[in-house]
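Student: The sequence shown begins at 137 in the numbering used here and counts up by one.
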Amino acid sequence: MKTLIVIPTYNEKENIQTIVPAVLAQGLGVDILVVDDNSPDGTGAIVREMQKSIPQLHLLSRPGKQGLGKAYIAGFRWGIDHGYEAITEMDADFSHRPEDLGPLLKKLENNDFAVGSRYIEGGRTVNWGLLRKIISRGGGIYARLILGFPLNDWTGGFNAWKKEVLLGIDLGTVESNGYSFQIELKYKALKKGFKGAESPIVFEDRRVGQSKMSLKIVIEAFYRVWIMRFK
């Protein structure tokens with residue numbers, strides 16, 4: 137399948153120069169789209185310079201910071217418009233390991249979407265504090281109980297989607313923009329009857345730069361799960 141890796145960025149100049157070649161080094165024949173929200177640190181300019189020597193690299197520049205969910209939706213739409221058959225979400229900061237990308241994409245051979253899972257056999261987290269572990273694992277169990285589907289990693293953002301899934305769930309109806317964005321995508325896909333599978337990943341805390349996680353994002357996920365369930 138013609139596959140696109142979407143990497144949203146905001147102030148990721150320390151990571152973008154290394155994550156792009158690391159992904160391409162996996163030899164999977166993928167293209168990469170960086171969705172940059174006008175990063176003050178010049179991430180977009182760095183990508184434009186990299187494009188001169190990397191034909192598989194593309195850039196979608198947006199006028200300002202609009203949130204992770206909107207960045208991914210913009211990337212999904214760009215990918216669909218440019219004829220990609222599968223589109224994968226991936227972080228720029230190496231918390232999503234490039235070596236886990238191949239097994240994740242292989243799951244699409246027999247499934248409609250694939251979830252990089254920290255909470256199945258072979259998956260784990262590295263360098264996480266106790267509070268973050270509780271929020272992440274607890275959030276997944278919370279979503280699973282309320283939404284009623286047996287998925288282990290609801291909140292993870294390392295996911296691969298066939299084009300048909302993204303078209304089927306109607307991206308214009310996705311309301312979440314933060315932590316709950318990943319939950320909503322998976323729930324809509326499962327509700328539509330699409331088949332998903334989990335692939336184990338090792339999630340390591342970012343190497344450089346600042347985390348985008350905040351209390352506001354966690355609270356949004358807490359109440360939006362109920363909205364999804366009963367809307």
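All C-beta atoms in this analysis are idealised placements derived from N, C-alpha and C, irrespective of residue type, glycine included.
This one's a predicted model, so the numbers in the text were calculated from it and none came from an experiment.
#1: Note down the Cα distance separating ARG268 from VAL338, rounded to an integer number of angstroms.
#2: Determine contact between the stretch 236-254 and the stretch 286-302, defined as no fewer than three beta-carbon pairs at a distance below 8 Å.
#3: Do the stretch 150-168 and the stretch 198-212 make contact, defined as three or more Cβ pairs closer than 8 Å?
#4: Since ASP172 and THR145 should fall inside the 8 Å C-beta cutoff, what is the C-beta to C-beta distance between them, to a whole number of angstroms?
#5: Grab the span of the beta strand (DSSP E) containing VAL338 for me, first residue to last.
#6: Whose CA, out of PRO199, ASN288, TYR255, HIS194, lies closest to the CA of GLY215?
#7: What does the alpha-carbon distance come out to for the pair GLY163 and ILE143?
#8: Write down the C-beta distance between TRP290 and GLY314 rounded to the nearest angstrom, noting that I regard them as a contact closer than 8 Å.
#9: Report back the beta-carbon spacing between ALA210 and GLU148 to the nearest angstrom; my notes put them in contact at under 8 Å.
#10: From ASP236, VAL183, ASN151, LYS299, pick the residue whose C-alpha is nearest to that of TYR220; which is it?
#11: Tell me, which residues are paired with ARG260 by DSSP?
#12: Can you look up TRP297 in the DSSP assignment and give me helix, strand or coil?
#13: Taking its Cβ as the centre, do 16 or more other Cβ atoms sit within 10 Å of ARG360, making it buried, or is it exposed?
#14: Counting only the same chain and skipping the five closest in sequence on each side, list residues whose C-beta sits under 6 Å from that of GLY259.
#15: Quick one: residues in its chain with C-beta nearer than 7 Å to the C-beta of PHE249, no 5 flanking neighbours on either side, listed in chain order?
#16: One question on the structure: do GLU311 and VAL251 come within less than 8 Å of each other, judged by their Cβ atoms?
#17: Classify GLY308: buried if its beta carbon has 16 or more other beta carbons within 10 angstroms, exposed otherwise.
#18: Measure from the alpha carbon of ILE282 to the alpha carbon of each residue in LEU244, LEU321, TRP362, then state which is nearest.
#19: Taking the alpha carbon of ARG213 as the reference point, which residue from ASP341, LEU169, SER316, PRO234 has its own alpha carbon closest?
#20: Of all the options LYS367, ARG365, PHE358, MET137, which has the alpha carbon lying nearest to the alpha carbon of ASN247?
#21: Helix or strand or just coil, what does DSSP make of ASP229?
#22: Quick check on ILE223: buried or exposed, where buried means 16 or more other Cβ atoms within 10 Å of its Cβ?
#23: Could you give the first and the last residue of the continuous beta strand (DSSP E) run that contains TYR168?
#24: On the criterion of 16 or more Cβ atoms from any shown chain inside 10 Å, does LYS328 qualify as buried, or is it exposed?
Tutor: This is what the structure gives:
#1: Sequence index remark: in the sequence shown, residue 268 carries index 132 (1-based). Sequence index remark: in the sequence shown, residue 338 carries index 202 (1-based). Roughly 15 Å separates the two Cα atoms.
#2: yes
#3: no
#4: Indexing the sequence shown from 1 puts residue 172 at position 36. Indexing the sequence shown from 1 puts residue 145 at position 9. Yes, ASP172 and THR145 are in contact; Cβ-Cβ is about 5 Å, under 8 Å.
#5: Translated into positions along the sequence shown, residue 338 becomes position 202. Per DSSP, VAL338 belongs to the beta strand (DSSP E) from 338-340.
#6: The residue you call residue 215 lines up with position 79 of the sequence shown. Nearest option by C-alpha distance: HIS194.
#7: For this step, residue 163 is matched to residue 27 along the sequence shown. For this step, residue 143 is matched to residue 7 along the sequence shown. About 18 Å.
#8: Here residue 290 refers to the residue found at position 154 when the sequence shown is read from its first residue. Here residue 314 refers to the residue found at position 178 when the sequence shown is read from its first residue. With 8 Å as the limit, TRP290 and GLY314 do not qualify as a contact, their Cβ atoms being about 14 Å apart.
#9: For this step, residue 210 is matched to residue 74 along the sequence shown. For this step, residue 148 is matched to residue 12 along the sequence shown. That pair is no contact at about 16 Å.
#10: Within the sequence shown, numbered from 1, the residue matching residue 220 stands at position 84. For the residues ASP236, VAL183, ASN151, LYS299, the minimum Cα distance to TYR220 belongs to LYS299.
#11: One-based indexing of the sequence shown puts residue 260 at position 124. DSSP lists VAL338 as partners of ARG260.
#12: Walking along the sequence shown from the start, residue 297 turns up at place 161. The answer is strand: DSSP assigns TRP297 an E or B state.
#13: Here residue 360 is taken as the residue at index 224 of the sequence shown, counted from 1. So ARG360 ends up on the buried side.
#14: Residue 259 sits at position 123 when you count from the first residue of the sequence shown. So the list reads SER253, PRO336, ILE337, once near-sequence residues are dropped.
#15: On the sequence shown, position 113 is the one that residue 249 refers to. Contacts found: ASN295, ALA296, TRP297, LYS298, VAL301, ALA325, PHE330, GLY332.
#16: Here residue 311 refers to the residue found at position 175 when the sequence shown is read from its first residue. Here residue 251 refers to the residue found at position 115 when the sequence shown is read from its first residue. Cβ distance not < 8 Å, so GLU311 and VAL251 don't count as in contact.
#17: Residue numbering aside, residue 308 sits at position 172 when the sequence shown is read from its first letter. Classification for GLY308: exposed.
#18: Here residue 282 is taken as the residue at index 146 of the sequence shown, counted from 1. Cα-wise, what sits closest to ILE282 is TRP362.
#19: In the sequence shown, the residue the question calls residue 213 occupies position 77. Comparing Cα positions, the closest option is LEU169.
#20: Your numbering for residue 247 matches position 111 in the sequence shown. That would be MET137, whose Cα lies nearest to the Cα of ASN247.
#21: Sequence index remark: in the sequence shown, residue 229 carries index 93 (1-based). Of the three classes helix, strand and coil, the one that applies to ASP229 here is coil, per DSSP.
#22: Residue 223 sits at position 87 when you count from the first residue of the sequence shown. Buried.
#23: Here residue 168 is taken as the residue at index 32 of the sequence shown, counted from 1. The sequence given here has Ile at residue 168, not Tyr. Where ILE168 is concerned, the enclosing beta strand (DSSP E) stretches over 167-172.
#24: Here the question's residue 328 lines up with position 192 in the sequence shown. Counting Cβ neighbours within 10 Å, LYS328 comes out exposed, since fewer than 16 surround it.
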